[in-house]
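Note sheet for the following structure.
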Amino acid sequence: MTYTDISAILSDGKSYVGKTVDVAGWVRSARDSKNMAFLNINDGTSLKHLQIVINKAEFEGDAAAFMKNGASVAVSGEAVPAMKEGEVEINAHSVTLLGDCPTDYPLQKKYHTMEFLRTIPELRPRTNTFNAMLRVRSKLSFAIHRFFQGEGFTYVHTPIITGSDCEGAGEIFRVTTNTYQDALAAGDEQKYTASDFFGRKAGLTVSGQLEGEVAAMAMGKIYTFGPTFRAENSNTPRHAAEFWQVEPEVAFAKLPDIIKIAERMIKYIIKAVLDECPDELAFFEKSFESGLRAKLQSVVDSEFVVLEYSDAIDILKKSGVKFQYPVEWGLDMQSEHERYITEQVFNKPVFVVNYPKAIKSFYMKQNDDGVTVAATDLLVPGVGEIIGCSEREADYDKLLKAMNDRHMNLDDYRGYLNLRKYGSVPHSGFGLGLERILMYVTGINNIRDVQLYARTAGDLM
Ligand code: 4AD
Ligand code: MG
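Position one of the sequence shown corresponds to residue 10 (the working numbering), numbered consecutively onward.
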């Protein structure tokens with residue numbers, strides 16, 4: 010049996026009127042009156058529900074059996090015009106209960122806090138919020154692919170298990186098949202590591218960049234798009250231990266070139282969501298962030314700001330605001346600073362460029378001033394950093410020195426260094442956090458609520 014998508018019926022009601030349709034879904038609400046019963050059902054294909062009307066007099070069987078939130082039903086009936094102009098509902102001929110649902114179903118028709126919903130990850134996708142979020146997430150992801158495919162990029166799949174630490178921040182989740190007993194038997198760390206699955210330390214990738222560079226040094230323009238992992242213990246609404254990143258890497262591109270690509274991509278994917286998710290955005294505007302659509306439209310229409318890091322520091326110093334972290338040149342900007350710049354000063358996306366090299370990663374191109382690197386973060390109102398970006402150090406000796414300064418284990422990066430030895434070229438790339446842009450686009454203000462399963466420290470449901 011194939012059922013018609015509810016989204017198809019709701020979006021093109023007229024062409025269904027008078028026809029018999031078969032639909033299936035979960036009951037979102039039920040209302041009983043003397044002669045009639047009404048079910049609102051949702052099959053996940055749209056945010057809106059489809060109303061099923063049961064005329065008790067003509068209906069064989071007990072309508073009460075279906076009048077249960079959470080129950081799953083299949084309905085056969087005739088599409089008829091609804092009260093609201095242009096909409097349709099279904100006059101049921103028959104309703105089949107596919108799966109009953111007891112009255113302790115946690116999603117009753119009332120307001121549930123996001124915190125409560127986190128305790129039932131297996132059911133929260135059946136709320137309007139998650140229904141809308143998951144659809145926007147899907148559309149956003151597909152738009153990202155469309156953008157890069159349209160610009161001639163090759164999609165590469167970089168490894169999830171790696172032996173290197175791209176960001177050098179020591180936030181790697183170890184991957185091991187060793188047991189506690191193995192550790193005791195080995196006695197020292199070297200033996201323990203040597204006896205492990207790969208014979209060396211392995212971990213989950215924090216970023217596909219290093220391997221992405223390998224691909225770009227052959228394919229020119231590539232992007233990788235997949236899960237990345239960080240054992241971040243910072244308990245903030247913007248940090249997850251598992252999150253998705255899209256990471257383009259472009260040969261022969263310098264910092265201003267990659268900034269242009271990033272700006273084009275952000276505008277493209279936001280426009281896609283505006284075009285493809287009108288119901289969802291209306292819902293988020295009503296429930297999460299007033300003015301959401303105007304904000305997104307203005308991003309599409311505006312030119313992003315490019316601001317020197319040093320100028321950002323001056324602005325912060327002159328602001329008269331008392332920040333928790335005092336402002337000095339060299340400061341690794343915290344969320345309070347990022348938000349001041351992008352919300353109070355510009356109220357639009359801002360690329361902060363040329364950061365002090367001491368607070369940034371080893372692979373970034375060192376500027377001629379000797380103290381900054383050709384790196385940029387894209388900051389947006391409400392969320393802060395959504396993109397980390399840089400031109401890469403293409404000079405073998407400079408890169409080697411930066412790695413030695415950081416006491417990195419060169420054995421783990423031999424291949425990466427080789428790229429600078431054999432036909433090195435200027436190249437640049439960035440990483441966009443999918444959950445961060447999703448938070449920005451939906452107004453949902455906690456990263457735990459833009460993932461199917463939240464992944465944060467101390468919490469593995
Ligand atoms: O700024 P980050 O650490 O940059 C990199 O990883 C580079 N290797 C990317 C590149 O150049 N290819 O991370 C990039 C983005 C951040 O701007 C943020 O949007 C997101 O990834 N991100 C996180 N999102 C959720 N939870 C976390 N713990 C995140 N850490 C970074
Ligand atoms: Mg960053």
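All C-beta atoms, glycine included, are put in the ideal place defined by N, C-alpha and C.
Within the segment 17-68, the complete beta strand (DSSP E) runs of at least 3 residues fall at 29-41, 45-51, 59-64. Considering only GLU96, PHE261, ILE275, VAL336, the residue with the shortest C-alpha distance to PRO358 is ILE275. The segment 279-297 makes no contact with the segment 311-323: fewer than 3 CB pairs, one atom from each, lie closer than 8 Å. With fewer than 16 other CB atoms across the displayed protein chains lying within 10 angstroms of its CB, TYR189 is exposed. Residue side-chain check: GLY397 places its Cβ nearer than 8 Å to a non-hydrogen atom of the ligand MG.
Counting along the chain, LEU106 sits inside no alpha helix (DSSP H); it lies in the beta strand (DSSP E) bounded by residues 97-108. Nearest in C-alpha terms to GLU444, of all of HIS416, VAL434, ASN455, HIS436, is ASN455. Distance check between ALA73 and each of GLU394, LYS43, ARG415 places LYS43 closest, using alpha-carbon atoms only.
In this structure, the C-beta of GLU394 approaches the ligand MG to less than 8 Å from one of its heavy atoms.
Check the Cα spacing between ILE18 and each of GLU87, PHE47, LYS77: the tightest is with GLU87. Rounded to the nearest angstrom, the Cβ distance from GLY217 to THR237 is 7 Å, consistent with a contact under 8 Å.
Shortest Cα-Cα distance from GLU402 to any of ASP377, VAL354, VAL392 involves ASP377. Here LYS230 is bridged, per DSSP, to VAL259. DSSP, read as helix, strand or coil, puts GLY424 in helix. About 5 Å separates the beta carbons of LEU56 and ALA141, which is inside the 8 Å limit, making them a contact pair. Distance from the C-beta of ASP174 to the nearest heavy atom of the ligand MG is not below 8 Å. Within the segment 352-438, the runs of beta strand (DSSP E) that reach at least 3 residues and sit entirely inside it are, in chain order, 359-365, 381-389, 393-400. Of the residues GLU67, GLY391, LEU106, the one whose Cα lies closest to the Cα of PRO246 is GLY391. At a Cβ-Cβ threshold of 9 Å, THR351 and LEU264 do not count as neighbours.
Distances from the CA of LEU305 to each of ARG423, GLU98, PRO287 were compared; the closest alpha carbon is that of PRO287. Beta-bridge analysis with DSSP links ALA83 to ALA33, THR105. Annotated as proximal: LEU126 and THR138, with beta-carbon spacing under 9 Å. In the displayed model, ILE181 falls within coil according to three-state DSSP, outside both helix and strand.
Around the beta carbon of ALA367, a 10 Å sphere encloses fewer than 16 other beta carbons of the protein chains shown; the residue is thus reported as exposed. Your pair HIS346 and PHE332 checks out as a contact, with CB atoms roughly 6 Å apart and the cut at 8 Å. Listed in chain order, the alpha helix (DSSP H) elements of length 4 or more contained wholly in the segment 121-199 are 123-127, 137-159, 189-195. As the crow flies, the alpha-carbon of SER173 is around 32 Å from that of LEU143. A residue is called buried when at least 16 other Cβ atoms come within 10 angstroms of its Cβ; MET412 meets this threshold and is buried. Per DSSP, reduced to three states, the secondary structure at ASP468 is strand. Under DSSP, ALA88 takes part in a beta bridge, and its partners are ILE99.
By the 16-neighbour rule on beta-carbons within 10 angstroms, GLN117 is exposed. In the three-state scheme derived from DSSP, where H, G and I count as helix and E and B as strand, GLU444 is classed as helix. Judged by the Cβ position, ASP386 qualifies as a neighbour of the ligand MG at the 8 Å threshold, a heavy atom of the ligand being closer than this. In this structure, ALA225 sits near VAL259, with a CB-CB distance shorter than 9 Å. Shortest gap from the CB of GLY391 to any heavy atom of the ligand 4AD: 8 Å or more. Taken atom to atom, the span from the alpha-carbon of ILE63 to that of ALA240 is near 53 Å.
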